[in-house]
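According to this note's numbering, the residues represented by the sequence shown are 708 to 975, in order. Just so it is clear, CB atoms sit at the ideal spot from N, CA and C, and this is done for glycine as well.
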Amino acid sequence: MALYLRRALFLNRNAFLLVRASSFQSRNLSHILCYRTPRISDSHKTEASILPTLDFIGFPHRGFAKKSNLNKSNDLLADQTAPHDFGPNIKATAVSQMEAAVEALSRELTKLRTGRASAGMLDHIIVETGGLKMQLNRLAVVSVMDPKTLSINPYDPNTLKEIEKAITSSPLGLNPKVDGQRLIASIPPLTKEHMQAICKVVTKSCEDVKQSIRRARQKALDTIKKAGSIFPKDEAKRLEKEVDDLTKKFIKSVEDMGKSKEREITQG
708 MALYLRRALF LNRNAFLLVR ASSFQSRNLS HILCYRTPRI SDSHKTEASI LPTLDFIGFP
768 HRGFAKKSNL NKSNDLLADQ TAPHDFGPNI KATAVSQMEA AVEALSRELT KLRTGRASAG
828 MLDHIIVETG GLKMQLNRLA VVSVMDPKTL SINPYDPNTL KEIEKAITSS PLGLNPKVDG
888 QRLIASIPPL TKEHMQAICK VVTKSCEDVK QSIRRARQKA LDTIKKAGSI FPKDEAKRLE
948 KEVDDLTKKF IKSVEDMGKS KEREITQG
């Protein structure tokens, strides 16, 4: 009996050692398989599985470097070509700003009432019809019958009452009369006080626009000054003179518009 017990214990001990050794060998084998150096026969497979991953990791850095170099090249090219387009661009920008200011003045002066009938003097009036607010010139055709009379012909006769109400409530002081499917508005003569008040508005509007033109000039000169070394000094001086000439031209145009409007107001 004791002999059988000793044999059983011996067999169990050997089995335990065998299982432990097998486990240890499996772990070592797995380690070797994971980190083994690829054989020549496996080179193609290894490249397919490992190299794309490395390329994916490294590619963005190389891409950023190439992009950065491309940006530097573009900046250098822009710096080299900038002087050729510099002057025309500055002049075009200044002219655009000055023209916009003059056009705004023209619209403002058209709104002012004078003793003479003008088709554009009603354009700024807002008419509310059908729950919408629209400019009068989108709802009717305004024409001059004679120097003292306007004719207003609505596109839709149903809007006649709304147009009449809008004209009457405007600060122009007009009282149109219904004539069939149109309105007739007589332009009353201006009083002396009214003439003086309107002339003051004209003067202020012209001064505001001249300030806008001078600001456009100053912006252009500041841009030329900031150009610095990329722009030759003689070319900068020539461009500054051209900007000054443009400024004088537009300011004179504003002054002429103001004087013409004042004559229209005072002479009726």
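By a C-beta neighbour count over all protein chains shown, 10 Å radius and 16 as the cutoff for buried, is residue i buried or exposed?
| i | result |
| --- | --- |
| L857 | buried |
| E962 | exposed |
| G965 | buried |
| N781 | Low confidence applies to N781: its pLDDT is 41, below 50, so where it sits in the model is not reliable, and the reading given next is rough at best. That one is exposed. |
| K959 | exposed |
| I832 | buried |
| V885 | exposed |
| A801 | buried |
Tell me which same chain residues have a C-beta within less than 8 Å of the C-beta of residue i, skipping the five on either side of it?
| i | result |
| --- | --- |
| I972 | L819, T821, G822, L897, M902, I905, C906, V909 |
| V851 | A824, S825, A826, L857, S858 |
| L784 | A caution first: L784 carries a pLDDT of 36, below 50, which makes its placement in the model unreliable, though a value can still be read off. Nothing meets the Cβ criterion. |
| E947 | L928, I931 |
| K944 | none |
| Q888 | N860, P861, P864, L867 |
| N796 | none |
| D679 | Examination of residue 679 is not possible in this model, given that the chain is present from 708 through 975 alone. |
Output needed for residue i: all residues of its chain with C-beta closer than 7 Å, excluding positions within five of it in sequence on either side, in chain order.
| i | result |
| --- | --- |
| N882 | T875 |
| L697 | Absent from the structure is residue 697, since the part of the chain shown begins at 708 and ends at 975. |
| Q804 | A923 |
| V809 | V916, F957, S960, V961 |
Excluding five sequence neighbours on each side, which residues of the same chain lie with their C-beta closer than 6 Å to the C-beta of residue i?
| i | result |
| --- | --- |
| L829 | L843, V849 |
| T817 | G827 |
| E877 | What sits at residue 877 in the sequence shown is Ser, not Glu. Within the same chain, S877 has close Cβ partners I832. |
| K933 | none |
| R970 | none |
| N776 | Legend: pLDDT at N776 = 46, less than 50; position of this residue unreliable, value from coordinates given subsequently. None. |
Between residue i and residue j, how many whole angstroms is the CB-CB distance? I'm expecting something under 8 Å.
| i | j | result |
| --- | --- | --- |
| L890 | I870 | 7 Å |
| I894 | K855 | 5 Å |
| K879 | T866 | The sequence given here has Leu at residue 879, not Lys. With a Cβ gap of about 19 Å, L879 and T866 do not count as contacting. |
| K798 | E942 | That belief does not hold up - the Cβ atoms of K798 and E942 are roughly 13 Å apart, past 8 Å. |
| A873 | V834 | 4 Å |
Please name the residue in the options whose C-alpha comes closest to that of residue i.
| i | options | result |
| --- | --- | --- |
| Q918 | I797, A807, K798, N796 | A807 |
| G794 | I958, G887, I937, E969 | I937 |
| K868 | S877, R970, T836, M841 | T836 |
| K680 | R814, Q804, S803, I797 | For residue 680 there is no data in the structure shown, the boundaries of the chain being 708 and 975. |
| Q974 | K933, M841, K899 | K899 |
Discussion item. Measuring CB atoms only, is the region 904-917 touching the region 861-877, in the sense that at least three cross pairs come out at less than 8 Å?
Written reply: Look at the beta carbons and you see the region 904-917 not touching the region 861-877: under three pairs across the two are nearer than 8 Å.
Worksheet item: Does the pairing of the region 920-930 with the region 948-966 give three or more beta-carbon distances under 8 Å?
Response: Taking one beta carbon from each stretch, the region 920-930 and the region 948-966 have 3 or more pairs nearer than 8 Å; the two touch.
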